[in-house]
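Straight run, no breaks: the sequence shown in the working numbering ends on number 1260.
Quick reminder that beta carbons are idealized off the backbone N, C-alpha and C, glycines included.
Every value quoted in this text rests on a predicted model; they were computed, and no experiment measured them.
This report concerns only the one structure given below.
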Amino acid sequence: MKVNTTTESETTTEKGTSGKCQETTENGIIFDETSSGNEVTTQCPSGYTGYVKKKCTKQAVWEDAQFSNCTRNILDTLFSSLNGTLNQDSLLNISKTLQETFKDVGQTILSGDIKNVVNIFRDLVDKTKLFKLTVPKVVVEVLTATIDNLLAASNSSWTEISTDGNQDDTGAEMIHSLESFTQSFLQTDQHSFSDISVRKDNIVLEIKQTTSDSIHYPDPTNTEGGKLQESKNEILFSQPAKENMKYSILEFKGMTSKFQTVKINKDFDYGDSASASKTILLNSDVISFSLEPKRQVDALKSNPLRLTFQITNHTLYRQFCVFMTKDLSWSTSGCTTKRTQANQVQCTCTHLSTFAVLMSPDVNEITTEATAKVENCKEVIENGVIFKDTQPGKSVTAQCPEDYDGNSIKKCSIQGKWEKTNNNLCVPKVLQKVSQEAENLTYLSTPKEIENMTATVANVYKENKTIISGDIRKVVDIFAKIGAATTQYKIDVTNTTVQNITVTIDKLLSTNENDWKVVSLEDDVSAKLLLSVENITKSVLDSNTTVTESSLNKDNIAVEIKQKTVNEIIYPDPKKSQEERRNITENKIQLSQETSETFKYSIIIYKNVTEKFTIKNFIDDKVDKDQNNKQPTSKFLNSDVISFSVEPEPKSLQTNPLILTFKIRNTTGVRHVCAYLTNDSSWATDGCDTKVNKENVTCTCTHLTNFAVLMSPHDVKDTHREVLRFISAVGIVISLIGLAVTIAVYGIMWRYVKSDRSVLHVNLSVALFLGYTVFLVGIDRTHDFITCAIIAGSLHFLFLVVFFVMLAQGLLILKSVTTVSSTSILKFLFILMYGGPLLIVVLSVAITQGEGYGTKYVCWLDNSKGLIWAFAGPAFLVLVSNVVILIHVLRVMQSSRRMMDKDLKKKTMSVFRSISILTPILGITWLFGILSISIDNVLFQYLFAISNSLQGLFIFICQCVLQYQVRDGFRSMIRKYRATTSFDSSSKGASSCQDKGYSESLLQTTEPSNFFENATYDSTVVTSENQL
C-alpha cells in the first residue's frame, strides 16, 4: 500500500528530531519507517473509504493513527438512502442494519464509525420529525443496542474524536438523538404503546406506563433478572396525587472515559470566578429522564426531580449538577448540588432533560496542597506489578499480574500516599473458559458439567495462591451463573459440586479483607455470593432423590446438608461434645415443629466475615417498608452469616419461628438488629425480632434465607433531630449573648478582676463563643463536602480547646486547695489548653485522611466511622478528671471547721450551691453528651442539648452576676464616676475607703477549707473566704 509522507511546517533539524519512528501496524495498516516530525497518510482499512493519518513526533514516537475520516461502506450506503423520503419501513430497515453492522462482540470500531453512526442518528431524528413518523418499539430497542456497541469501542477511538474538537458534540449528539427517539415513542397512542426494558453493559433503557404519584429508579420492587438493581444511580420523581404517566429513563454508563471534554453553556455557574478558566470534566454516568404528558413537568417547581449520582473521582474536586441544553451544552441552571457522601452527589432539578455531574479542580485544595507541597508517590512493586512514580490525585494503570488479563489501577492520594490497588478488572486466564461454560448452561446441561466447572475453580485455589480482588469477582460471577442456571433449568447439583464450592469459598475468605473491600466498591459481591450459593444448595434440596448427606467444616465456612424425619432441627448437633460444637461454630440454630416430618435442609455458616462482607442496602421495616424505599446504609455486619434452607418449608413458622443465636463481635456503643438478605441484595428486618444478651443476639424469624446481625452507632430519629437542633440553636444564641457580655465585662474591668483564674475564664468564654458561632453558621453546610469537612475539623479543635480549658480550671482549683504556693502555673496550662487539642486533631486527620469529618446530616464527626471518639475519648478523660477534682474539693469543704458546725440542711445546701457554681466551668454537664453516644436513650440527648447549649449563659451568671470582684469593681467604677463628675471634696475619702475595702477583701485569708462558705458568690477557688 502506497504511503504519502508530508513534513511539518516546523523545521526538523532541531535537537531531538533526527530520529525515526520504526515501522508499525495499527488496525491492519502498515505504517513504514518515518522521520521524526513527519506525518504519513494512507488509505483506510478494507471495507472503508477515506484516508488515515499517523504522525511521528519530533521525539521519534508514533502518535495514535487518526481514523476519523474513514467511512464504512455500509454506512455510506445508509447515508445515500437518507437522501429521499423516510417511512416507517425504511426507518426500521436502517435501524436493523446499524444493529447488524456492529453486533459482533470484539470487532474493531473506529472513530469514523462513531462519527458516522451519530450523523445517521441525527438525520433519522430530523427525518422522523419532518415526516411526522411514529417511532415503533423495535426501532427504539435496536438503536439502543447499537449505541451500546458504540460505547464498547476503545477509549482511544473516543479520545481521537476529541482531537478534532468535535467530541463534545458527537457524544452529546448521540445522547440527544436516542433521547429524541424515546420521547417520540412516549407520544405513541395508548393502543400501540408497550413497556420497554433494555439492559446492556453500557446502557440501560426503561420505558413504562404507570398510575402513581411517584417514579423511583431503580424500582426497588423489581427483582427480575437482578441487573436493573445494579445501577449505582437513583432517580426519584414525586407529585401530590396519583396520575397515569408514561416515562423513559436512559442511563449511559462509563461515560467519564468517553467524554474527554464537555461543552459548557454560557450561563454555567462556576461558584467562583476562578473556576471559569479551568477544565470541566464529566464525573458520572449520564441519565436522561422524559415524561408524558408534558404538563406533569409543572409539578417539578414544587416537587423537584431528585437524582443521586455515584461519582468517579471523589477527592477534593468541585462538583456541579448539570443538564444538557438544546444546543448540546451543559448548564447548571435550575439544578442544585449536594455532596451527600464522598463518592455520591445528589442533584435537585426543576426541569426534565439529560443530567450528569461535572467536576473541576479547586485551586487551593488541589494545585497548591496536592501538587506544590506533596511529593509524588514513589514507584512500588505489588504482586509483581510495577506502579511507577505518580502525582498526587492521579491514578496509574499497569498490566495485571502474570496469569491474569486486564489492568490494575492504583491511585496516589492527594496526600501523596498510595491507596489500595484496584485489581477488579484482573481476570484469571484459567477461569475465562469456565465463565463462558457457565454462561452457556441450558436445560440440556448435566450435573457432571457443573461438577467439572466447580472442580476446575477449586483446583485453581487449591495451593497457597495469592488471591486478589479480581479472583473474588470472577469466582462469584461464575457461582452466580451456576446458581441462576440450576434454578432456572432445574439442574441437579451433586455432593461433589457442593464440596468444590465450599473449598473455594474457604480459600476466598482466607484472603486479606482489603481485597473484599476493593471489589465491594463497584459490586455488592458479598450479597451476590450469598444468594448464588443459596440457589445452588436449594437445587440440592429440590431434587426428587434422597439427599446425600454432606458435612464440611473449614476455617471460614461450615456446610451441613441432611435429610431427617424429625420435629426439631438443632445445629450444631447437641449430641456432639461442647468442644466439637465450638470448633464448628459459636452460633446456634433451632427449628421446632409440633409434629415430625421428613425434612431436607442445608445450613451454611460464613465465618470471620465481619470485615469482608459489606452492607450496601438496608430496609428498616418500621421506616422503609411502607415507603418502598431501599437506601444506602451505614450499618455493618457484626456476626457470622447463616444460610438456612428447608424443603419442604415448614408450614408453622408463624407459630413456631426459626430461632438463631449469634455470637456478636462488637458489644459496646452500637445498636444491633437481626436482618435477612432479600432477593434484590438488600438486608431487611421484617419478620425478625431481636433480643440482645451481652455477647449474644437471638433472632426469632418467621421465614428462611440468609441471616446475620447488623450493627450501627446509636442514631436519633428525624423528629427528635429537628427538635434537638431547635433547642441547640435557641440555647446557643442565648449563650452567645451571655459570653459576649462576659468577655466585654472582663475587658472593661480587667484591673479589678485580673488573676490566673480570670485568664482561664476569658479563654473559656472566647473558645465557647467561637465554637458556638461556627456551629450556628456552618453545622448544616452539608451540600459542600470540602467546606463541611473544614467546619467539622474547626469544631473538633474548638470544642477540644473548651474541654482542655475546663481541665485547666480544674487543675487550678486543685492547686488552690492542696497547696499555699503562689507560683503561677499559667504557662503550663496554656500549653495544655491549645497544644493538646492541636495534637489530637492533627493525628486524627493524618490517620483518617479526613474521612469522617462531616456527615450527610451535619458538619461534625461521623459517628458511624468511629471518628467521634477522637473527641469523646479526650472529653471523657477530662470530665473524669474534673469529677475527681470536684469530689476532692467537696471533701475538703465538708472537713472544714465552719462546715462541721452546720446542721445537715445547711451542709446540703452548701454542697448544692458549690456544685451548681463549679459545674459550668468544669464542664460536668458534658457527661450527658458521652452518655448520648454510648447509650441508646434520647433523654440523654435532650439533657445534653439543653445543658450545654446554655453553658455560656451559666458562665455569665456565675462569672459576672455572682462574681463578687466584678460587682465590687462595678461599684468602684460608679463611685469614681460620681466622684469625678461632682467634684465633691469628699470624693477622695470615699475613694480611699473604697480602695481600702477592696484591698482588705483581697488580704483576708484563712485556711483553705474556709473559702467554701461563700461559694454562692464566686465559682473560682482561691485561699480566701470571700473568693470562691
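Measure the beta-carbon distance from Val878 to Leu936 and round it to whole angstroms, keeping in mind my assumption that it falls under 8 Å.
The residue given as residue 878 occupies position 646 in the sequence shown. The residue given as residue 936 occupies position 704 in the sequence shown. Their Cβ separation, rounded to whole angstroms, is 6 Å, which keeps Val878 and Leu936 in contact under 8 Å.
If we require 3 or more residues per run, which beta strand (DSSP E) segments fall completely within the segment 523–581?
537–542, 549–556, 567–573, 576–581
Can you tell me which of the three DSSP states Tyr1085 falls into?
Indexing the sequence shown from 1 puts residue 1085 at position 853. Tyr1085: strand per DSSP, three-state reduction.
Residues that Met1205 bridges to, as DSSP identifies them
Taking the first residue of the sequence shown as position 1, residue 1205 is located at position 973. Answer is none; Met1205 lacks a bridge partner.
Can you grab the Cα-Cα spacing for the pair Asp400 / Gln573, in whole Å?
Counting from 1 along the sequence shown, the entry for residue 400 is found at position 168. Counting from 1 along the sequence shown, the entry for residue 573 is found at position 341. In this predicted model, Asp400 has a pLDDT of only 49, less than 50, meaning its place in the structure is not dependable enough to derive any value.
If contact is defined by three or more beta carbon pairs under 8 Å, each pair taking one atom from either stretch, is the segment 617–635 in contact with the segment 582–592?
no
Starting from Trp915, follow its DSSP beta bridges and name the residues at the other end.
Walking along the sequence shown from the start, residue 915 turns up at place 683. DSSP output for Trp915 lists Phe850, Leu909 as bridge partner(s).
Under 8 Å, do Ser389 and Leu342 count as touching if we go by C-beta distance?
Looking up residue 389 in the sequence shown gives position 157. Looking up residue 342 in the sequence shown gives position 110. In this structure, Ser389 lies near Leu342, with their beta-carbon atoms less than 8 Å apart.
Go ahead and label Leu892 buried or exposed: buried means 16 or more other beta carbons lie within 10 angstroms of its beta carbon, across all protein chains shown.
Position 660 of the sequence shown, counted from the start, is the residue given in the question as residue 892. Answer is buried; the Cβ neighbour count reaches 16.
By Cβ distance, which residues of its chain are closer than 7 Å to Glu614, with the 5 residues on each side in sequence left out?
The residue labelled residue 614 in the question sits at position 382 within the sequence shown. Here the set comprises Thr653.
Roughly how many whole angstroms lie between the Cα atoms of Gly1201 and Ala976?
Mapped onto the sequence shown, residue 1201 falls at position 969. Mapped onto the sequence shown, residue 976 falls at position 744. CA-CA distance, Gly1201 to Ala976, rounds to 14 Å.
Proximity below 8 Å, CB of Val1110 to CB of Phe1176:
As a working note, residue 1110 is residue 878 in the sequence shown. As a working note, residue 1176 is residue 944 in the sequence shown. No, Cβ-Cβ distance for Val1110 and Phe1176 is not below 8 Å.
To the nearest angstrom, report how far apart Asp1250 and Cys1192 are at their CA atoms.
Reading the sequence shown from its first residue, position 1018 is the one you call residue 1250. Reading the sequence shown from its first residue, position 960 is the one you call residue 1192. Low per-residue confidence applies at Asp1250: pLDDT is 36, beneath 50, and the placement is therefore not dependable, though the value from the model is reported in the following sentence. Here the alpha carbons of Cys1192 and Asp1250 stand approximately 9 Å from one another.
Return the chain-ordered list of same chain residues with a C-beta closer than 7 Å to the C-beta of Ile379, the five sequence neighbours on each side being excluded.
Residue 379 sits at position 147 when you count from the first residue of the sequence shown. The residues are Met406, Leu410, Ile435.
For Thr726, collect the residues of the same chain with a Cβ closer than 6 Å to its Cβ; drop the 5 residues on either side in sequence, then sort them by chain order.
On the sequence shown, residue 726 is found 494 positions in, with the first residue counted as 1. The answer, listed in chain order, is Pro679, Glu683.
Pull up the distance between the alpha-carbon of Val1033 and that of Cys579, whole angstroms please.
Walking along the sequence shown from the start, residue 1033 turns up at place 801. Walking along the sequence shown from the start, residue 579 turns up at place 347. Roughly 37 Å separates the two Cα atoms.
Would a C-beta distance cut-off of 8 Å place Pro882 and Gln825 closer than the cut-off?
Taking the first residue of the sequence shown as 1, we reach residue 882 at position 650. Taking the first residue of the sequence shown as 1, we reach residue 825 at position 593. Their beta carbons are under 8 Å apart, which means Pro882 touches Gln825 by this criterion.
Would Met477 and Leu437 be called neighbours here (beta carbons separated by less than 8 Å)?
For the purposes of this step, residue 477 is taken as the residue at position 245 of the sequence shown. For the purposes of this step, residue 437 is taken as the residue at position 205 of the sequence shown. Result no, Cβ atoms of Met477 and Leu437 do not sit closer than 8 Å.
Since Ser875 sits in a beta bridge, which residues does DSSP pair it with?
Numbered from its first residue, the sequence shown carries residue 875 at position 643. According to DSSP, Ser875 bridges with Ile836, Asn938.
What do you reckon, are the CB atoms on Ala1040 and Leu1061 nearer than 8 Å?
As a first step, residue 1040 is located in the sequence shown; it is residue number 808 there, counting from the start. As a first step, residue 1061 is located in the sequence shown; it is residue number 829 there, counting from the start. A contact, by the Cβ cut-off of 8 Å.
Which runs of the beta strand (DSSP E), 3 residues or longer, sit entirely within the segment 618–671?
Taken in chain order, the whole beta strand (DSSP E) runs of length 3 or more contained in the segment 618–671 are 627–631, 639–643.
Would Leu1185 and Gly979 be called neighbours here (beta carbons separated by less than 8 Å)?
Taking the first residue of the sequence shown as 1, we reach residue 1185 at position 953. Taking the first residue of the sequence shown as 1, we reach residue 979 at position 747. Their beta carbons are not under 8 Å apart, which means Leu1185 does not touch Gly979 by this criterion.
Beta strand (DSSP E) containing Gln795: first to last residue?
Taking the sequence shown and counting its residues from 1, one reaches residue 795 at position 563. 789–803 is the span of the beta strand (DSSP E), which, as asked, contains Gln795.
Can you tell which of Tyr984, Phe939, Glu373, Leu330 has the C-alpha that lies nearest to the C-alpha of Thr309?
On the sequence shown, residue 309 is found 77 positions in, with the first residue counted as 1. Of the listed residues, the one whose Cα sits closest to Thr309 is Leu330.
Do Phe491 and Leu514 come within 8 Å of each other at the CB atom, strictly closer than that value?
Position 282 of the sequence shown, counted from the start, is the residue given in the question as residue 514. Position 259 of the sequence shown, counted from the start, is the residue given in the question as residue 491. Yes, they are a contact pair.
Secondary structure at Val436, three-state DSSP: helix, strand or coil?
Within the sequence shown, residue 436 is the residue found at index 204, counting from 1. In this structure, Val436 counts as strand in the three-state DSSP scheme.
I need the straight-line Cα distance from Thr778 to Arg814, nearest angstrom please.
For the purposes of this step, residue 778 is taken as residue 546 along the sequence shown, with counting starting at 1. For the purposes of this step, residue 814 is taken as residue 582 along the sequence shown, with counting starting at 1. Those two C-alpha atoms are separated by around 29 Å.
Kindly indicate which residue of Thr830, Lys926, Val941 has the alpha-carbon position closest to the one of Thr797.
Position 565 of the sequence shown, counting from 1, holds the residue named residue 797. It is Thr830.
State buried or exposed for His993, treating a residue as buried only when at least 16 other CB atoms are found within 10 Å of its CB.
To locate residue 993, count along the sequence shown from 1; it is residue 761. His993 is buried by the Cβ-count criterion.
Candidates Gly963, Gly279, Ser640, Gly1068: closest to Ile700 by CA position
The residue given as residue 700 occupies position 468 in the sequence shown. Ranking the options by Cα distance to Ile700, first place goes to Ser640.
Sort Asp264, Arg550, Ser520 by Cα distance to His408 and report the nearest one.
In the sequence shown, the residue the question calls residue 408 occupies position 176. His408 has its Cα closest to that of Ser520, out of Asp264, Arg550, Ser520.
Would you mind reading off the limits of the beta strand (DSSP E) that contains Pro472?
If you number the sequence shown from 1, residue 472 lands on position 240. 466–484 is the extent of the beta strand (DSSP E) around Pro472.
Starting from Leu1071, trace the beta strand (DSSP E) in both directions and tell me its first and last residue.
As a first step, residue 1071 must be located in the sequence shown, where it is residue number 839. The continuous stretches of beta strand (DSSP E) do not include Leu1071, which lies in the alpha helix (DSSP H) extending over residues 1068–1080.
Please identify the residue among Asp912, Val750, Ile733 whose C-alpha is closest to the C-alpha of Phe845.
Working through the sequence shown from its first residue, we reach residue 845 at position 613. Comparing Cα positions, the closest option is Val750.
What is the residue span of the alpha helix (DSSP H) that Cys933 lies within?
Position 701 of the sequence shown, counted from the start, is the residue given in the question as residue 933. Run containing Cys933: none in the alpha helix (DSSP H); it sits in the beta strand (DSSP E), 928–933.
Going by Cα to Cα distance, which pick from Gln631, Glu373, Leu784 is closest to Val430?
For the purposes of this step, residue 430 is taken as residue 198 along the sequence shown, with counting starting at 1. It is Glu373 whose Cα lies nearest to the Cα of Val430.
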